[in-house]
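Chains as they are written, first to last, in our numbering: chain F, 513 to 674; chain X, 513 to 674.
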DNA sequence: CGCCAAATGTTGACGCGTCAACCAACGCTG
DNA sequence: CAGCGTTGGTTGACGCGTCAACATTTGGCG
């Protein structure tokens, strides 16, 4: 089969830029969060859905589904956040296996204070740099890339059926 | 000052897609490398410039500059790769502080075997999904984003001068 | 020359993420 | 209802990355 061997200049340029942005932008936003609010990106990711949930409580399973994280990752992160007083673990009344994650007052305060500066950083570093035309093209293009990515959507089994 | 408060639909869509791609694409390529070649992304990043260097040797400092990594990160990664026999450390004749990183035969074999499948994955997951027009627009756009990012280029001090 | 700041590396601690092992509860089916 | 596969969650090991502390060397400047 005729395979494409290497990247030409145009491809290499786009790919290089993509690599760079994936690394640098993530790092820049992480730094901004840590410095301005004392939160890690992982903290922020979980605090957002928790703060929007009624009562600030979510079942770990649902929280995981919402952010696309696997069980173990949620569990580890909740453990760390629990130690810092951002959330608390409670037991689940309907399902004895379950574990409920409860946003604490400190947790809510943290996310409320962190959000505006974070959104501003997203604008400053990304949205404001692009023209309207670019934004309109990039959004759908990246969605297409995302859709074709090998899901690995958490547990999801591969192909084989026994 | 008039600050932009939140993201509108178009902005949110593009940002969501960007977030998703940054996480998923990185993860997909990492998985591909590990499964097909037993190399991590970090391994690959260092093996490429090493394999292109004359003699397969580079000073740690220069290697770090080439890939944009700080000293400690290089050192830790080299330590791990050394344990697996991909590289070896040697002392630097011109500068007693320095440390030379030498690609081993096993290291060269690993990168030679890994590269084609990795490039193919980059095509499959990213380049092939985009039209020529999109590629031409996205490349320069992302380069602009990259240029405006707060460099943090290794040690580089911020503003203050005593 | 003698001193001191800057450069180069290494190390240890800690946060984050994945993987695999494990445990407990659930719920279906015979 | 007894058994058993599935689901939900936790834990420990290990790789990766950052930060801060440290040691050594270099290089310039009095």
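Built from N, CA and C at the ideal position, the CB exists for glycine as well.
Skipping 5 residues on each side, what residues in its chain have a beta carbon closer than 8 Å to that of residue 519 (chain F)?
Once the five neighbours on either side are set aside, the close Cβ partners of residue 519 (chain F) are 527.
Rounded to whole angstroms, what's the CA-CA distance from residue 554 (chain F) to residue 606 (chain X)? Just pull it up for me.
Approximately 44 Å, taken between the alpha carbons.
If you reduce the DSSP assignment to three classes, tell me which class residue 608 (chain X) lands in.
Residue 608 (chain X): coil per DSSP, three-state reduction.
Counting along the chain, where does the beta strand (DSSP E) carrying residue 596 (chain X) start and finish?
Per DSSP, residue 596 (chain X) belongs to no beta strand (DSSP E) and is neither H nor E.
Which class does residue 658 (chain X) belong to by DSSP, given the choice of helix, strand or coil?
In this structure, residue 658 (chain X) counts as helix in the three-state DSSP scheme.
Between the C-alpha atoms of residue 633 (chain X) and residue 575 (chain X), what's the straight-line distance to the nearest angstrom?
Rounded to whole angstroms, residue 633 (chain X) to residue 575 (chain X) spans 25 Å at the Cα level.
Taking the C-alpha atoms as reference points, what is the distance between residue 669 (chain X) and residue 583 (chain X)?
With a pLDDT of 39 at residue 669 (chain X), under the threshold of 50, the predicted position of this residue should be treated as unreliable, and no value is reported.
When you measure from the CB of residue 532 (chain X) to every non-hydrogen atom of the ligand NAP, does any distance come out below 6 Å?
What this structure holds is no ligand at all, so the ligand NAP is not there to describe.
So is residue 534 (chain X) in contact with chain F if we call contact Cβ pairs under 7 Å?
True, the Cβ-Cβ gap to chain F drops below 7 Å.
Might you give, ordered along the chain, the residues of its own chain that have their beta carbon closer than 8 Å to the beta carbon of residue 603 (chain F), omitting 5 neighbours on each side?
Excluding positions up to five away in sequence, the list reads 610, 611, 612.
Are the CB atoms of residue 529 (chain X) and residue 532 (chain F) within a distance shorter than 7 Å?
Cβ distance not < 7 Å, so residue 532 (chain F) and residue 529 (chain X) don't count as in contact.
Under DSSP, the alpha helix (DSSP H) around residue 624 (chain F) begins and ends at which residues?
Run containing residue 624 (chain F): 617–637, per the alpha helix (DSSP H) assignment.
What residues of chain F sit near residue 651 (chain X), judged by a beta carbon separation below 8 Å?
What residue 651 (chain X) touches in chain F: 522, 525, 526, 529.
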